[in-house]
Amino acid sequence: MTNQPQRFLTGITTTGTPHLGNYVGSIRPSVAASKGVGAESFYFLADYHALIKCGEPDRIQRSTLEIAASWLAAGLDPERVTFYRQSDIPEIPELTWLLTCVTGKGVLNRAHAYKASVDKNEAAGNDVDADVTAGLFMYPVLMGADILMFKAHKVPVGRDQIQHIEMARDMAQRFNHLYGEHLVLPEALIEESVALLPGLDGRKMSKSYDNTIPLFSSRTELKKLIAGIVTDSREPGQAKQVEGSALFQIYQAFATESETIALRRAYAEGISWGDVKTLLLDRIDQDIAPMREHYQELINDPGKIEAILQAGADKARALATPLMRELRMAVGLRKLVTPAVVPHQPKAAKSALPSFKQYRQADGQFYFKLLGSDGKLLLQSLGFAVPKEAALAIVSLQQQGAPALPALAGQLQSVENVSPEDIAAALQQWMDAAAR
Ligand code: TRP
204 MTNQPQRFLT GITTTGTPHL GNYVGSIRPS VAASKGVGAE SFYFLADYHA
254 LIKCGEPDRI QRSTLEIAAS WLAAGLDPER VTFYRQSDIP EIPELTWLLT
304 CVTGKGVLNR AHAYKASVDK NEAAGNDVDA DVTAGLFMYP VLMGADILMF
354 KAHKVPVGRD QIQHIEMARD MAQRFNHLYG EHLVLPEALI EESVALLPGL
404 DGRKMSKSYD NTIPLFSSRT ELKKLIAGIV TDSREPGQAK QVEGSALFQI
454 YQAFATESET IALRRAYAEG ISWGDVKTLL LDRIDQDIAP MREHYQELIN
504 DPGKIEAILQ AGADKARALA TPLMRELRMA VGLRKLVTPA VVPHQPKAAK
554 SALPSFKQYR QADGQFYFKL LGSDGKLLLQ SLGFAVPKEA ALAIVSLQQQ
604 GAPALPALAG QLQSVENVSP EDIAAALQQW MDAAAR
């Protein structure tokens with residue numbers, strides 16, 4: 204476990220055309236991260252997720268093409284990372300079902316996206332589930348399957364997705380508890396330093412606000428869109444504020460530190476809005492123009508992208524297929540000739556409990572010890588003169604758990620390679636079992 208490389212995984216829903224906000228917030232940092240050493244990156248086009256929000260088949264296909272071309276044009280190296288399309292991995296919907304069966308319906312009731320729809324319906328006086336598909340309801344489980352299938356450690360996402368990662372973690376925990384240690388518990392990775400880009404109207408750049416600048420607009424289109432970015436009515440020559448200036452914030456997301464300082468000074472000195480817009484156009488174009496050509500080439504050669512995605516799917520399935528085989532075995536979806544007991548059968552682990560042993564030694568004293576469910580020595584007492592004292596110590600541990608330990612400190616010897624957490628967990632497990 205310890206020397207495994209960290210595995211990063213993230214999905215991009217294939218609705219819409221990538222815009223500058225996607226580039227700055229997701230594509231650019233992800234491509235940069237994928238070049239780091241010691242990381243294994245998985246990026247995929249979440250087209251099953253796209254079906255939840257979009258009923259336009261051609262748009263899904265077009266968006267898949269555009270997003271794939273954007274990531275590749277931005278420098279994603281499909282040799283270094285695993286870049287694939289979700290719907291090319293049939294194991295994902297299969298795992299979705301296994302996870303569905305270990306996920307509480309009440310947990311899904313609380314998922315933000317579903318709850319938002321319910322709240323909206325309630326406010327409008329409609330049936331709470333009006334126009335809510337089961338797909339929207341199940342969104343977090345499909346996402347859990349995406350993540351758990353590839354044993355991702357870190358999932359770089361926006362803040363709005365944290366809850367989904369926590370749910371995936373809970374699904375993994377629940378699955379492992381029932382069927383043995385098969386899945387890795389993932390963590391969300393929130394990039395604090397990544398800029399949130401304002402859109403044309405100054406609000407966050409987002410498809411849903413219809414205020415975006417497409418990443419690969421032509422220079423002419425880019426110029427037109429930038430001309431429409433909101434400013435205040437300060438005249439040329441009047442000092443301007445960088446705070447709240449969408450133009451400044453977008454510029455900053457592309458510029459070097461010294462370029463940003465220079466623009467800040469120009470604001471104070473009363474640069475005209477028209478000149479800021481020209482600076483911004485040139486600065487964005489400086490980064491995007493070299494990729495734009497590559498993007499156009501890719502868009503015009505969908506067969507090439509398709510081949511890259513197929514190669515990615517092969518890499519991904521080389522992991523997904525054996526894991527799914529393992530999970531099917533674990534849950535009992537087995538050939539009838541397969542013996543019922545498979546390695547790592549959790550039943551045994553589940554029924555085995557930590558145990559207390561009380562005994563007398565050759566020195567005539569009375570001792571006790573606590574063994575973990577795996578038989579490992581966790582606590583070892585010193586000698587007691589009478590058996591009753593040893594018994595009382597055991598009872599206090601059985602009734603109070605770890606909080607009883609400080610009072611017993613003088614009567615315990617230290618055991619090597621055992622952490623207080625191990626002891627506390629075993630005591631808790633004992634108490635949980637006794638309470639049943
Ligand atoms: N739900 C994510 C979004 O809208 C996209 C996504 C789907 C995803 N599956 C994922 C992200 C798995 C991270 C991991 O942004």
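Heads up, the sequence shown is in the working numbering, so the first residue is 204 and it goes up one at a time. Backbone N, C-alpha and C fix where the C-beta goes; we use that ideal spot for every residue, glycine too. On a predicted model such as this, the values are computed, not experimentally measured, just so you know.
> Among Pro-525, Gly-431 and Lys-518, which has the Cα closest to the Cα of Thr-481?
Replying inline: The candidate whose alpha carbon is nearest that of Thr-481 is Gly-431.
> Between Ala-607 and Ala-314, what straight-line distance do the alpha-carbon atoms span, to the nearest angstrom?
Replying inline: Roughly 39 Å between the two C-alpha positions.
> According to DSSP, what are the bridge partners of Val-358?
Replying inline: Paired residue(s): Ala-391.
>> According to DSSP, Gln-616 sits in a beta bridge with which residue or residues?
In response: In DSSP, Gln-616 forms a bridge with Gln-583.
> Which stretch, first to last residue, makes up the beta strand (DSSP E) that contains Lys-572?
Replying inline: Looking at the DSSP string, the run of the beta strand (DSSP E) that includes Lys-572 is 569-574.
> Measuring from the CB of Asp-330, is there a heavy atom of the ligand TRP at a distance below 6 Å?
Replying inline: Because no heavy atom of the ligand TRP lies under 6 Å away, the Cβ of Asp-330 does not count as near it: no.
> Among all the DSSP beta bridges, which residues are the ones paired with Leu-248?
Replying inline: Per DSSP, the beta bridge partners of Leu-248 are Ile-215 and Arg-288.
>> Using only CA atoms, which one of Tyr-470, Gln-452, Tyr-412 and Phe-211 lies nearest to Leu-438?
In response: For the sequence presented, residue 438 should be read as Glu rather than Leu. Closest option to Glu-438, Cα to Cα, is Tyr-470.
> Does the region 303-317 come close enough to the region 272-280 that 3 or more CB-CB pairs lie under 8 Å?
Replying inline: No: the two stretches stay apart, fewer than three of their Cβ pairs being nearer than 8 Å.
> Can at least three beta-carbon pairs, one atom from the region 475-489 and one from the region 438-455, be found at a separation below 8 Å?
Replying inline: Of all C-beta pairs linking the region 475-489 to the region 438-455, three or more are shorter than 8 Å, placing the two stretches in contact.
> My guess is that Phe-571 and Lys-560 are in contact by the Cβ rule of under 8 Å, so how many angstroms apart are they, rounded?
Replying inline: The beta-carbon separation of Phe-571 and Lys-560, rounded to 6 Å, stays under the 8 Å limit for a contact.
> If you draw a straight line from the C-alpha of Ala-391 to the C-alpha of Asp-488, how long is it?
Replying inline: CA-to-CA, the gap between Ala-391 and Asp-488 works out to about 32 Å.
> Hey, how far is the Cα of Gly-228 from the Cα of Thr-415?
Replying inline: Looking at the backbone, the Cα of Gly-228 and that of Thr-415 are separated by about 13 Å.
> If you draw a straight line from the alpha carbon of Ala-348 to that of Gly-440, how long is it in whole angstroms?
Replying inline: In this structure, the CA atom of Ala-348 is about 57 Å from the CA atom of Gly-440.
>> Under 8 Å, with one C-beta from each stretch per pair, do the region 417-424 and the region 374-394 reach the 3-pair mark?
In response: No contact exists between the region 417-424 and the region 374-394.
> Touch check for the region 207-214 and the region 240-249: three-plus C-beta pairs under 8 Å?
Replying inline: The region 207-214, when compared against the region 240-249, does touch it at the 8 Å Cβ threshold.
> Roughly how far, in whole angstroms, is the beta-carbon of Pro-389 from the beta-carbon of Ile-350, given that I think they are within contact range, below 8 Å?
Replying inline: That belief holds up - the Cβ atoms of Pro-389 and Ile-350 are roughly 5 Å apart, short of 8 Å.
> Does the separation of the CB atoms of Gly-405 and Val-433 fall below 7 Å?
Replying inline: With a cutoff of 7 Å on beta-carbon distance, Gly-405 and Val-433 are scored as near each other.
>> Assuming Leu-581 and Leu-615 are in contact, meaning their beta carbons sit under 8 Å apart, how far apart are those beta carbons, in whole angstroms?
In response: Not quite, the Cβ-Cβ distance comes to about 10 Å (not below 8 Å), so this is no contact.
> Between Gln-631 and the rest of its own chain, which residues show a CB-CB distance below 8 Å, the 5 nearest in sequence each way excluded?
Replying inline: Excluding its 5 nearest sequence neighbours in each direction, Gln-631 has C-beta neighbours in its own chain below 8 Å: Gly-604 and Ala-605, listed in chain order.
>> So Ser-266 and Thr-336 are supposed to be a Cβ contact under 8 Å. How far apart are they, rounded?
In response: Not quite, the Cβ-Cβ distance comes to about 19 Å (not below 8 Å), so this is no contact.
> If you pair each beta-carbon of the region 284-303 with each one of the region 504-521, do three or more pairs fall below 8 Å?
Replying inline: The way I'd put it, the region 284-303 does touch the region 504-521; three or more beta-carbon pairs between them come closer than 8 Å.
> Per DSSP, what kind of secondary structure is Ala-551 in: helix, strand or coil?
Replying inline: For Ala-551, the predicted structure reports a pLDDT of 47, less than 50, and the residue's modelled location is therefore unreliable. A value from the coordinates is still provided. It is helical.
> Ordered along the chain, which non-local residues of its own chain (more than five positions away) have a Cβ less than 8 Å from that of Ala-551?
Replying inline: Because the pLDDT of Ala-551 is 47, which lies under 50, any placement of that residue in the model is unreliable, and the question is left without a value.
>> Going by C-alpha to C-alpha distance, which of Pro-221, Asp-373 and Ser-436 sits closest to Cys-304?
In response: Looking at the Cα atoms, Asp-373 is the closest of the given residues.
> Can you name, in chain order, every residue of its own chain whose Cβ lies under 6 Å from the Cβ of Leu-298, other than the five neighbours on each side?
Replying inline: For Leu-298, where only same-chain residues beyond five positions count, the Cβ hits under 6 Å are Ala-348 and Met-352.
> For Tyr-412, which residues of its own chain have a beta-carbon under 8 Å away from its beta-carbon, when the five flanking residues on both sides are left out?
Replying inline: Only Gly-402, Asp-404 and Arg-406 meet the Cβ criterion.
> So, using beta-carbon positions, are Ala-637 and Leu-556 closer together than 7 Å?
Replying inline: Not a contact, by the Cβ cut-off of 7 Å.
> Of the residues Ala-627, Asn-329, Asp-330 and Ala-319, which one's Cα is nearest the Cα of Asp-363?
Replying inline: Considering only alpha carbons, the answer is Ala-319.
> Taking the alpha helix (DSSP H) that Lys-318 falls in, what are its first and last residues?
Replying inline: Counting along the chain, Lys-318 sits inside the alpha helix (DSSP H) bounded by residues 315-326.
> Can you give the Cα-Cα distance for Ala-627 and Pro-542, rounded to whole angstroms?
Replying inline: Whole-angstrom Cα-Cα distance: 36 Å.
> At a cut-off of 6 Å, is Met-346 close to the ligand TRP when judged by its beta-carbon and the heavy atoms of the ligand?
Replying inline: Indeed, a heavy atom of the ligand TRP lies less than 6 Å from the Cβ.
> For Ile-491, which option in Thr-220, Gln-207, Pro-208 and Arg-231 has the closest C-alpha, if you only look at C-alpha atoms?
Replying inline: Ile-491 has its Cα closest to that of Arg-231, out of Thr-220, Gln-207, Pro-208 and Arg-231.
> Is any heavy atom in the ligand TRP found nearer than 6 Å to the beta carbon of Ala-471?
Replying inline: Ala-471 Cβ: outside cutoff for every heavy atom of the ligand TRP.
> On the premise that Lys-410 lies in contact with Gly-640, defined as a C-beta separation below 8 Å, what is that separation, rounded to the nearest angstrom?
Replying inline: This structure cannot speak to residue 640, because the chain is shown only from 204 to 639.
>> When you compare the CB positions of Leu-302 and Val-344, do they come within less than 7 Å of one another, or not?
In response: For the 7 Å CB-CB criterion, Leu-302 and Val-344 form a contact.
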